[in-house]
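Structure, as structure tokens:
Numbering (our numbering), first residue to last: -12 to 50.
Right under this line is the structure:
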């Protein structure tokens, strides 16, 4: 895994950790739903974090 891939993977995992922290601090149902929608969007729809992470790891394993 090259430095650029490691940096991208680290950035994505850090973003996900931020969602976890936000979720722990939620005090109302609407805010909780908004965080969940944003997380799902990042993971699967908008930025496709899952696909990107899998691609980085797959490429590294194939080397």
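Ideal Cβ positions, reconstructed from N, Cα and C, are used throughout, including at glycine.
Predicted model, so just to flag it, every value in this text is computed and none were measured.
Q: Could you tell me which of 23, 32, -1, 0 sits nearest to residue 9, measuring between CA atoms?
A: Minimum Cα distance to residue 9 is reached at 23.
Q. Which first and last residues belong to the alpha helix (DSSP H) in which residue 44 is found?
A. Element bounds for residue 44: 36 to 49.
Q | Outcome for residue 36 when other beta-carbon atoms lying within 10 angstroms are tallied against a minimum of 16 | A | Buried, because 16 or more other Cβ atoms sit within 10 Å of the Cβ of residue 36.
Q. Using DSSP with H/G/I as helix, E/B as strand and the rest coil, what is residue -1?
A. Looking at residue -1 - three-state DSSP - the assignment turns out to be helix.
Q.
Once the 5 residues before and after residue 31 are set aside, which same chain residues still bring their CB inside 7 Å of it?
A. The residues are 37.
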